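Worksheet: one structure, shown below.
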Amino acid sequence: MIRSGILGALSKDKLSVFLFHKVPRCADPLIPGDITLTGFERMLDEVVSQFRVLPLEDAVTRLHSGRLPRRAACITFDDGYADWVQGAAPALRKRNLHATFFITTGQFAGLPLWHERIQAAVRALPGPQLDIGMPSLGHPSVATLGDRQALVVKLEREFKYLTLSAREQALVRLEAAAGVRPEALPRMSEAQLRDLHSQGFSVGGHTINHPILDYCNEQELVQEVAGVREQLQGIVQGPIAGFAYPNGRPYADFSRHHVEAVRRAGYAYAVTTHWGVANPVTSPFQIPRFTPWAQREWHALFQAGRNLLVHPVHVPETAG
Ligand SMILES: [Zn+2]
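The letter at position 209 of the sequence shown is residue 207 when you use my numbering, and the numbering goes up by one with no holes.
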């Protein structure tokens, strides 16, 4: 009761949006930071349960018309993972919680998400060192699990800020060194996405190839923002209202120009990854999101409460 009271007092006219990604059933030793299904269910029961969960599109409309209830929150997921269908979705349904899944559609054409390809390659690399002829990488060791964990982090950081064609070339070299065939790796299917949608969950766009929008040329930008909406509308046979910026940090990953592209593509709202909460003057095209990460209940709840006080950063927008 005390918790609800404090959250209620802090949350007037504020919308909390929780962000999750992959939710594997078992912990992956290579990616120790991923929340497992058990951790996710605990987060729903101990933190999210203190909020009133609404569908995101509904919450954004209510926020801007002054009808948002206190302790309002939404649940979102980014990227698209096969494990959602067997793990996160049943966990949400069991608790009668709505969620929006922002999907990167390139994986439906045959190749998994770029960071999934890095992880699969690093898992398979023969030792004792990696050498793919990229001077910025040097010759990192892959002798121990710790080396491989560090290499995943390093490669994701290096490959994230490449153009789409340069990233693909780097991935192909890495996969050749590891002997991995990316088309054989697990990925989400269109049928799984339709399954989620048919269960009542919302679907949003998260580009086709997950580029940093600031590293796209104009043609790529239209394809990644408007093209993904068309693809998803074809798959779920319904309107797609929301978009999630890849990587999602205002200024670092997208600018006013990209917000305009999202608006022009016909979306009604968009979400970032900047912490904080939306209030009635927050642009519907830059709704902030937050992931509580603490393991202990009181600490994760404290993080969610503290997030209510964070004022998010926005890029300036052209009016209208
Ligand atoms: Zn993403």
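Don't be surprised by glycine CBs; every beta carbon is placed ideally from N, CA and C. Note that the structure is predicted; figures quoted are calculated from it, not measured.
DSSP on Asp251, reduced to helix/strand/coil? coil
From the DSSP output, read off the bridge partner residues of Ile285. Val269
Going straight from the alpha carbon of Pro53 to that of Val275, what length do you get? 16 Å
Same chain, Cβ closer than 8 Å to Ala148, neighbours up to 5 away in sequence not counted: Pro138
Taking 7 Å as the cut-off, is the beta-carbon of Pro67 closer than that to any non-hydrogen atom of ligand 1? no
Below 8 Å on the Cβ atoms is my contact criterion, and I expect His204 with Ala242 to pass it. Report the Cβ-Cβ distance as a whole number of Å. 5 Å
For the alpha helix (DSSP H) containing Ser139, name the first residue and the last one. It is not in any alpha helix (DSSP H) - Ser139 carries neither H nor E in the DSSP assignment.
Unbroken alpha helix (DSSP H) run spanning Gly202, endpoints: Element bounds for Gly202: not the alpha helix (DSSP H) but the beta strand (DSSP E), 200 to 203.
With three or more C-beta pairs closer than 8 Å as the rule, is the stretch 19 to 36 touching the stretch 52 to 69? no
In the structure shown, what three-state DSSP assignment does Ala298 receive? helix
So does His208 have its beta carbon nearer than 7 Å to some heavy atom of ligand 1? yes
Is the CB-CB distance between Ile206 and Val226 below 8 Å? yes
Taking the alpha-carbon of Val151 as reference, which of His62, Gln221, Arg50, Leu28 has the nearest alpha-carbon? Leu28
Thinking C-beta only, is Glu39 closer than 8 Å to Ala327? Beyond the ends of the chain as shown, which are -1 and 318, falls residue 327; an answer cannot be given.
Which stretch, first to last residue, makes up the alpha helix (DSSP H) that contains Ala164? 162 to 176
Quick check on Phe49: does DSSP put it in helix, strand or coil? coil
Going by Cα to Cα distance, which pick from Leu95, Glu166, Pro22, Val83 is closest to Phe372? Here the chain has residues from -1 to 318 only, and residue 372 is not among them.
Runs of 3 residues minimum, wholly inside the stretch 52 to 125: which ones carry the beta strand (DSSP E) assignment? 70 to 77, 98 to 101
Could you have a look at Leu28 and say whether DSSP puts it in helix, strand or coil? coil
Please classify Ser14: does DSSP put it in a helix, a strand, or coil? strand
Output the distance between the C-alpha atoms of Leu230 and Pro126, rounded to the nearest integer angstrom. 43 Å
What separation, rounded to the nearest whole angstrom, lies between the Cα atoms of Gln221 and Val120? 30 Å
Grab me the residues of Leu123's own chain with a C-beta within less than 6 Å of its C-beta, minus the 5 sequence neighbours each way, in chain order. Val140, Ala176
May I ask you to verify whether the stretch 288 to 300 touches the stretch 62 to 79, counting CB pairs closer than 8 Å and requiring at least 3? no
Distance, Asp251 Cα to Glu218 Cα: 15 Å
With a 10 Å radius around its C-beta and 16 neighbouring C-beta atoms as the bar for buried, classify His312 as buried or exposed. buried
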